[in-house]
Amino acid sequence: MKLPAGSTLPPLAQTLQIIANPTGFLADCAERYGDCFTLRVLGADSPPVVFFSHPDDLQAIFTTLADRLALGKVTHVFRPLTGDQSLIMQDGAQHQRQRQLLMPALHGESLRNCGELICQMTQQTCWPTGRTISVQAQMLEISLDVILRVLFGLQPGQRYFQLKVLLHRLLERINSPLYSVQFFLPPLQQDLGRLSPWGGFLRLRAEIDALIYAEIRERRAAPPGEDILAMLLAARDLAGQPLSDLELRDQLMTLLLLGHETTASGLSWVFYWLHRHPEILARLQAELESADPSPAALAQLPYLSAVCKEALRIYPIALIAQPRCVKQSLTLAGYEFDPGAVLIPCIYLAHRRPEAYPDPQQFRPERFLEAKSPYEYLPFGGGSRSCIGMALALFEMKLILASLLRQYEFCPTQPPPPLSRPARRGITFVPPGDLKLRVMGQRRATGRLAKSAG
Ligand code: HEM
1 MKLPAGSTLP
11 PLAQTLQIIA
21 NPTGFLADCA
31 ERYGDCFTLR
41 VLGADSPPVV
51 FFSHPDDLQA
61 IFTTLADRLA
71 LGKVTHVFRP
81 LTGDQSLIMQ
91 DGAQHQRQRQ
101 LLMPALHGES
111 LRNCGELICQ
121 MTQQTCWPTG
131 RTISVQAQML
141 EISLDVILRV
151 LFGLQPGQRY
161 FQLKVLLHRL
171 LERINSPLYS
181 VQFFLPPLQQ
191 DLGRLSPWGG
201 FLRLRAEIDA
211 LIYAEIRERR
221 AAPPGEDILA
231 MLLAARDLAG
241 QPLSDLELRD
251 QLMTLLLLGH
261 ETTASGLSWV
271 FYWLHRHPEI
281 LARLQAELES
291 ADPSPAALAQ
301 LPYLSAVCKE
311 ALRIYPIALI
321 AQPRCVKQSL
331 TLAGYEFDPG
341 AVLIPCIYLA
351 HRRPEAYPDP
361 QQFRPERFLE
371 AKSPYEYLPF
381 GGGSRSCIGM
391 ALALFEMKLI
401 LASLLRQYEF
411 CPTQPPPPLS
421 RPARRGITFV
431 PPGDLKLRVM
441 GQRRATGRLA
451 KSAG
């Protein structure tokens, strides 16, 4: 098998480079080797990992070649968190079955039903004039509240707060490199008591599971609600079978983990860019001031949508889609790939192609006033494994942003620092530094500034 050219450094050195400076390393390789290149970035005995960013190659991976590809082992680092039954652990028919069960709960009518709730929850932030907020921390707080309410329909109460505290603790721990390394190295997964890292994780997970199972038990006995859990409880596959408790737990955990920090990171980027470009913020505020404030109308606003999309283009929070492993030999981009090769749709490089995005490093929402091809713009991946939460994430980002900008006037506490490389946070990439904004005043319902402080 003749592979596309790529780095000749030892695999361990390549792995360390992609961990230390992923955007820089990927951009260098694209400049040196072109549209596709081979790296060995999965440790000392890494298989060939081939990165693609040309729209034709991405289209082939997502469509015509999809049935020759399987889930790479990389996704398996999530197994201890999400469980074996999770959508992200499935392939083939079982994967299709689960997607078909989950889809309706995250689209259409059920999404429209939660618009009002997202706006209300954002409006309840009640930040007083003069308060300084950390954008990343506040976006995490709001998006965790939203996902808990939208998924479980949980009303703030004991179980809601317990779940929130425990999930928060889990996510904070996963963000520490020393803690997260144990998910990549199974030999470290030893329960040596509650003070050992793995022992601590297992106990925390057991506490979270107990709350989730208690909620599932209660909800099975209660009249049907309108939230995602209610839809999952009622869902039947083509053979008329419902989801088991274990499947429900694993799917809920998956949606909680993948649906919380991702949206918060996307929103952090939006605030980051808006406060680097006051003229874009002003244009967005003007659009919001004259808009019908219903969630359905806000979600349709062209400039608001364009701002969110451009933020997810310029630094996608996931630099790559899920790695696809070749299971049956195939030809792509003029190369033959044997079983075992890993193919990666590289979102970051696809979004930086100048023929699709002139001056790709510039933040220009206008680009998205026109539709883009799904093989040039893919912040949510593509094909049968594309992000199942895409519609919810975009809806949520637009409504949270619109509600905050309609309610508050913000000003950054410091001038924007020079652009540096994005920081890693859990499974996402976030803006460098911790953007802090000061609340300068509350706006009236019309969106006009009512009061400002010095
Ligand atoms: C701005 C927010 C988000 C971004 C940028 C994002 C991005 C992605 C990407 C790139 C993938 C991999 C797609 C592929 O391999 O082709 C993915 C998969 C996934 N995402 Fe998201 N995501 C976001 C929000 C969410 C939300 C809100 C949820 C759930 C409530 C969610 C649930 C999932 C799940 C379950 C998968 C796996 C799908 C499968 O394997 O079939 N994501 N996401």
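Numbering (the UniProt record's numbering), first residue to last: 1 to 454.
Virtual Cβ for every residue (Gly too), placed ideally from N, Cα, C.
Bear in mind the structure is a predicted one, so any value in this text is a computation, not a measurement.
Asked, Found
"Secondary structure of Ala453, DSSP reduced to three states", "Because Ala453 sits at a pLDDT of 34, beneath the cut-off of 50, its placement in the model cannot be relied upon, and the point is left open."
"Cβ-based neighbour list, Ala453, same chain, cut-off 7 angstroms, excluding 5 preceding and 5 following", "Annotation note: pLDDT 34 at Ala453 (below 50); position unreliable, coordinate value reported separately. Excluding residues within five positions, the ones whose Cβ falls inside 7 angstroms are Thr129, Gly130, Met440 and Gly441."
"Spatial distance of Arg159 from Gly433 (CA atoms)", "33 angstroms"
"N-terminal and C-terminal residue of the alpha helix (DSSP H) that Ser180 is part of", "Pro177 to Phe184"
"Within 9 angstroms, strictly: CB atoms of Pro302 and Glu287", "yes"
"Proximity test, Thr23 beta-carbon vs the ligand HEM heavy atom, cut-off 8 angstroms", "no"
"Contact belief for Ala291 with His107 at Cβ below 8 angstroms, rounded distance in angstroms", "With 8 angstroms as the limit, Ala291 and His107 do not qualify as a contact, their Cβ atoms being about 23 angstroms apart."
"According to DSSP, residues forming a beta bridge with Ser134", "Lys436"
"Reduced DSSP secondary structure (H/G/I, E/B, other) of Thr446", "Caution is warranted here: a pLDDT of 46 is assigned to Thr446, below 50, making its placement in the model unreliable, and no coordinate value can be reported."
"Any non-hydrogen atom of the ligand HEM closer than 8 angstroms to Gly334 Cβ", "no"
"Selected residue, minimal CA-CA separation from Gln96, among Thr38, Glu336, Phe184 and Leu238", "Leu238"
"Own chain residues within Cβ distance below 6 angstroms of Tyr377, not counting five before or after", "none"
"Where the alpha helix (DSSP H) containing Val165 begins and where it ends", "Gln158 to Ile174"
"Near the ligand HEM: Ser384 beta-carbon under 8 angstroms from a heavy atom", "yes"
"Endpoints, the beta strand (DSSP E) within which residue 455 is located", "Here the chain covers residues 1 to 454 and nothing more, so residue 455 does not appear."
"Spatially closest choice to Leu166 from Phe62, Glu207, Gly193 and Phe152, by CA coordinates", "Glu207"
"Phe271 beta carbon near the ligand HEM (any heavy atom closer than 8 angstroms)", "no"
"Pro11 - containing alpha helix (DSSP H), residue span", "Pro11 to Ala20"
"Close beta carbons around Gly225, own chain, < 6 angstroms, minus the five adjacent residues each side", "Gly153"
"Start-to-end residues for the alpha helix (DSSP H) that takes in Ala5", "Run containing Ala5: none; DSSP gives neither H nor E here."
"Beta-carbon proximity check, Ser345 vs Leu58, cutoff 9 angstroms", "Position check: residue 345 holds Pro in this sequence, whereas Ser was assumed. Contact: yes."
"Nearest-angstrom Cα separation, counted from Pro417 out to His275", "11 angstroms"
"Distance between Thr132 and Thr446 (C-alpha atoms, nearest Å)", "Because the pLDDT of Thr446 is 46, which lies under 50, any placement of that residue in the model is unreliable, and the number read from its coordinates should be weighed accordingly. Spanning the two alpha carbons is a distance of roughly 24 angstroms."
"6 angstroms CB neighbourhood of Ala230 in its chain, flanking five on each side removed", "Pro224"
"Proximity to Phe395 [Cα-Cα], best of Val146, Leu204, Gln123 and Cys325", "Val146"
"Rounded separation between residue 455 and Ser180 - CA only", "As displayed, the chain neither begins before 1 nor continues past 454, which places residue 455 out of reach and without an answer."
"Residue from Leu330, Leu435, Leu195 and Gly240 whose Cα sits closest to the Cα of Met1", "Leu330"
"Pro412 vs Arg438 beta-carbon contact at 9 angstroms", "yes"
"Where Leu419 falls: helix, strand or coil (DSSP)", "coil"
"Rounded separation between Pro10 and Ala44 - CA only", "8 angstroms"
"Leu102 in three-state terms, based on DSSP", "helix"
"Rounded C-alpha distance that separates residue 457 from Glu109", "It is not possible to answer for residue 457, since the shown part of the chain is limited to 1 through 454."
"beta-carbon Cys325 near the ligand HEM non-hydrogen atom, thresh 8 angstroms", "no"
"Range of the contiguous alpha helix (DSSP H) that encloses Tyr272", "Glu261 to Leu274"
"Nearest residue (CA-CA) to residue 535, options Glu409, Gln407 and Arg236", "Residue 535 is absent from the structure shown; the chain starts at 1 and stops at 454."
"Check: residue 457 C-beta below 8 angstroms from any heavy atom of the ligand HEM", "The shown model of the chain, from 1 to 454, leaves out residue 457, and the question about it has no answer."
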